[in-house]
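Quick note, the sequence shown lines up with residues 180 to 489 if you use this note's numbering.
Have a look at the structure below, then the notes.
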Amino acid sequence: MMKYLQEIVVLVLILTLVLPSATVLAHPAEGVASGEAASARGQEDDEEVQLVTARATADLVRPGRVLISARGNHYIYDSVPPINGPNEEVNPLDGMLSALIACGMYIYEAVGIEQEIETSNLSATVQGEIDPRGVAGAPVNPRVRAFHVTMNVDGPTPEEAAMMAAAFSQRCPIYTTLALSADITVTNVVDGEEQEPFATAAEPIVDNDIEDEELELAMPGASGRMIEFGRNVMSARGNHWIFDSVPPINGPNEEVNPLDAFIAALPACGLMIYEAVAREQDIPLMAAKATVEADLDPRGVAGADVNPRI
180 MMKYLQEIVV LVLILTLVLP SATVLAHPAE GVASGEAASA RGQEDDEEVQ LVTARATADL
240 VRPGRVLISA RGNHYIYDSV PPINGPNEEV NPLDGMLSAL IACGMYIYEA VGIEQEIETS
300 NLSATVQGEI DPRGVAGAPV NPRVRAFHVT MNVDGPTPEE AAMMAAAFSQ RCPIYTTLAL
360 SADITVTNVV DGEEQEPFAT AAEPIVDNDI EDEELELAMP GASGRMIEFG RNVMSARGNH
420 WIFDSVPPIN GPNEEVNPLD AFIAALPACG LMIYEAVARE QDIPLMAAKA TVEADLDPRG
480 VAGADVNPRI
């Protein structure tokens, strides 16, 4: 049984690394001005990628608790209430949501430096739409169906902030990966004034939704704020932690970075589901460990003409 479970994990992780491309928007400023959703699909056929591999490991160290290791950093993900997890520490969904907005803040910061735009008081919030009953085995797909991001920034003009939002949609590997699966809406609040939303519309390659499913959506969220160059403090459900920016945009990359948290959420969630299934089916589970590797071209994060998606 354990050998069978391990083979499934390998298959799932391989599938996550071969998703097709997300869109690099041709005219992002127009999308911002009109509020119309842009497609999240598409990539230039002649794009030449130079892939690097991000890696994280996950160990089930006690019921409902996984120890994550990435680049010498170690941190905890907790399992969630639908499968009787303790949900005391950061959970994988917290990690995914917070990684998206942390990456966004770093792209805004980078664009501000590159374009000599003065920015201050940079913060962000995010909510995801999800039906958590599917996690417990109910006949409903528990995917995140939409992401709603608010970026708060002082200093730039509304047009400059719109340019930053467009760069977020092009240069953040977490955005360009998630945009394949769900709509993402980014609303800038510039000097306290809410701007027209910027949106990308997903065109999923696989439709795993269950026919006639009746949704009961929850809206988990996370928030973060820039506390110094290349470093954010993130918050979700009373937990607080640090994310660092990454080398392509001159980040310190000492603490956990958003990509670490994002890719580690996958095996952590997987181990928690294995644990839940083992408990439900009375299958002895002596130990469980998983590794994830994600291939991406980080040059796109720095603004090169390549999609940085996983």
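Built from N, CA and C at the ideal position, the CB exists for glycine as well.
Can you tell me where the alpha helix (DSSP H) holding ASP439 begins and where it ends?
437–459
For ASN387, which of LEU239, VAL323, GLU268 has the nearest alpha-carbon?
VAL323
Do you know how far the Cα of ARG312 is from the Cα of THR356?
Rounded to the nearest whole angstrom, the CA to CA distance from THR356 to ARG312 is 24 Å.
To the nearest angstrom, report how far apart ASP273 and ARG416 are at their CA atoms.
For ASP273 and ARG416, the distance between alpha carbons rounds to 8 Å.
Could you give the DSSP three-state label for SER348: helix, strand or coil?
helix
Cβ-based neighbour list, LEU230, same chain, cut-off 8 Å, excluding 5 preceding and 5 following
Around LEU230: ASP474, LEU475, ASP476.
Length of the line joining the Cα atoms of GLU297 and PRO242
47 Å
Sequence-distant residues of the same chain with beta carbon closer than 6 Å to ASN411, five excluded per side:
ALA281, MET284, GLY403, MET405, PHE422
With H, G and I counted as helix, E and B as strand and the rest as coil, what does DSSP make of ALA249?
strand
Helix, strand or coil, according to DSSP, for LEU475 in the structure here?
strand
Report, in whole angstroms, the separation of the C-beta atoms of THR329 and ALA303, which I expect to be a contact under 8 Å.
At roughly 6 Å, the Cβ-Cβ gap stays under 8 Å, so THR329 and ALA303 are in contact.
My understanding is that VAL369 touches ILE428, with C-beta atoms under 8 Å, so please give their C-beta distance in whole angstroms.
With a beta-carbon spacing of about 21 Å, VAL369 and ILE428 fall beyond the 8 Å limit used to define contacts.
VAL228 versus VAL485 - alpha carbon distance
7 Å
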